[in-house]
Amino acid sequence: MITLKAPEDLNWDVITAVAYEQARFDIAPELLASVERGRGIFNELIEAGAPCYGVTTGLGRLSTTDLSKEARDAISRNILLARAAAFGEPLPRPVVRAMMMVRLANFLSGQDGVSAELCQFIAARLNDDFDPFVPALGHGFAADGTPNAHCFQTLIGEGRVLDPDGEPVAAAAALSARGVDPYSPGSKEGLALINGITALPAYAIYAHRQVSALQEFATLVAAVSLEALAAPKDAIHPALARSSGAGVGKVIERVNQLLEGSRVTPYKLQAAISLRIIPQVHGAHLDALDQVRSGIEQTISTFS
Numbered sequence: 518m519i520t521l522k523a524p525e526d527l528n529w530d531v532i533t534a535v536a537y538e539q540a541r542f543d544i545a546p547e548l549l550a551s552v553e554r555g556r557g558i559f560n561e562l563i564e565a566g567a568p569c570y571g572v573t574t575g576l577g578r579l580s581t582t583d584l585s586k587e588a589r590d591a592i593s594r595n596i597l598l599a600r601a602a603a604f605g606e607p608l609p610r611p612v613v614r615a616m617m618m619v620r621l622a623n624f625l626s627g628q629d630g631v632s633a634e635l636c637q638f639i640a641a642r643l644n645d646d647f648d649p650f651v652p653a654l655g656h657g658f659a660a661d662g663t664p665n666a667h668c669f670q671t672l673i674g675e676g677r678v679l680d681p682d683g684e685p686v687a688a689a690a691a692l693s694a695r696g697v698d699p700y701s702p703g704s705k706e707g708l709a710l711i712n713g714i715t716a717l718p719a720y721a722i723y724a725h726r727q728v729s730a731l732q733e734f735a736t737l738v739a740a741v742s743l744e745a746l747a748a749p750k751d752a753i754h755p756a757l758a759r760s761s762g763a764g765v766g767k768v769i770e771r772v773n774q775l776l777e778g779s780r781v782t783p784y785k786l787q788a789a790i791s792l793r794i795i796p797q798v799h800g801a802h803l804d805a806l807d808q809v810r811s812g813i814e815q816t817i818s819t820f821s
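Residue 518 is where the sequence shown starts when you use my numbering, and the numbers rise one by one after that.
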């Protein structure tokens, strides 16, 4: 069980563990208390008469229209329903789970003004494998509002989720099967759920993992090629790893691990150029992957 004690604890490793390995997690009471303090500040401002877009006013052209109490109570729910306009096959299950984790990371900062109850509800659904059906096409909306609407409307019992066999079922039925009532979003929470960038970093993580797996396979092929061709190993001498860039060093170290115990005697004085540049080519690719990961991590940790 992973325990989140601070917003920064919800990082790449935790997101991938929950999204891809179904790791279970909880949120420490002190972190929930911090979220609730943010919620309290927001409520105080609204009660004092402060205007707030999408909370006390309408949206878009209606941003200058003050909402009645009845309209304020309904808008959080309506926002989630009105923007769920995507279509097509569902996004991969791990991508959607990562979406939920990325949004939760923002909520735990305490800056969104959502309740601790909402954070706990999202965590509980991830822990009981409640996986929303988010269509893969038609996301042409500011940020990730459309996929977010599909994802998070399921918390209120609307839309569909995927059952263990990957078949779509009604979200309301899935909640009922878990003995859980649909979540009732409070003021601002519907808007908070559809805002922010979630699908883009979640899918970027998915792509990064796939390319990283291909990178490892390519390194394995390179090691097998050196062995099968009885090529000299000068280009992957461990001493070069200490004086080269990060990616080159990692490739040299990995190829040497794979060839540990080799008894093949090189039959040439020098390996072919295609073999000698393995560390440089593969290393550049590794460096690029690290740079991409850094960009994704920055997006995840940035409040949106």
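Ideal Cβ positions, reconstructed from N, Cα and C, are used throughout, including at glycine.
Predicted model, so just to flag it, every value in this text is computed and none were measured.
Closest in alpha carbon position to residue 775, among 621, 739 and 785, is 739. Comparing alpha carbon positions, the residue from 563, 565 and 617 closest to residue 717 is 617.
As for any beta strand (DSSP E) of minimum length 3 sitting wholly inside the stretch 559-643, the runs are 604-607, ordered along the chain. Closest in C-alpha terms to residue 639, from the list 560, 692, 758 and 551, comes 692. In terms of Cβ geometry, residue 571 and residue 708 form a close pair [threshold 8 angstroms]. Counting C-beta pairs closer than 8 angstroms gives three or more between the stretch 599-610 and the stretch 659-669, which meets the contact rule. No Cβ-Cβ contact shorter than 8 angstroms links residue 752 with residue 804.
Judged by DSSP in its simplified three-state form, residue 648 adopts strand. For residue 722, there is no enclosing beta strand (DSSP E); the enclosing alpha helix (DSSP H) covers residues 716-745. For a cut-off of 8 angstroms, the C-beta gap from residue 527 to residue 622 is around 4 angstroms, short enough to register as a contact. The stretch 528-543 makes no contact with the stretch 559-570; the number of CB pairs closer than 8 angstroms stays below 3.
In this structure residue 706 is buried. Its beta-carbon is surrounded by 16 or more other beta-carbon atoms within 10 angstroms. Taking the Cα of residue 599 as reference, the smallest distance to any Cα among 784, 675, 747 and 782 is reached at 675. Residue 704 counts as buried, since no fewer than 16 other beta carbons sit within 10 angstroms of its beta carbon. Of 566, 657, 555 and 596, the smallest CA-CA separation from residue 575 is found for 596. With respect to the C-alpha of residue 714, the residue from 745, 613, 749 and 650 having the closest C-alpha is 613. With the rule of 3 Cβ pairs closer than 8 angstroms, the stretch 780-798 counts as touching the stretch 744-758.
Counting only runs of 3 or more residues that sit fully inside the stretch 647-692, the beta strand (DSSP E) segments are 652-654, 677-679 and 685-687, in chain order. Remark: C-beta atoms of residue 686 and residue 677 approach each other more closely than 8 angstroms.
A residue is called buried when at least 16 other Cβ atoms come within 10 angstroms of its Cβ; residue 719 meets this threshold and is buried. Boundaries for residue 543: no alpha helix (DSSP H) harbours it, while the beta strand (DSSP E) harbouring it runs 542-544, taken from the DSSP string.
Just so you know, the alpha carbons of residue 702 and residue 725 end up roughly 34 angstroms apart. Going by beta carbons, residue 625 and residue 650 fall outside the 8 angstroms limit. Rounded to the nearest angstrom, the gap between the Cα atoms of residue 615 and residue 529 is 10 angstroms.
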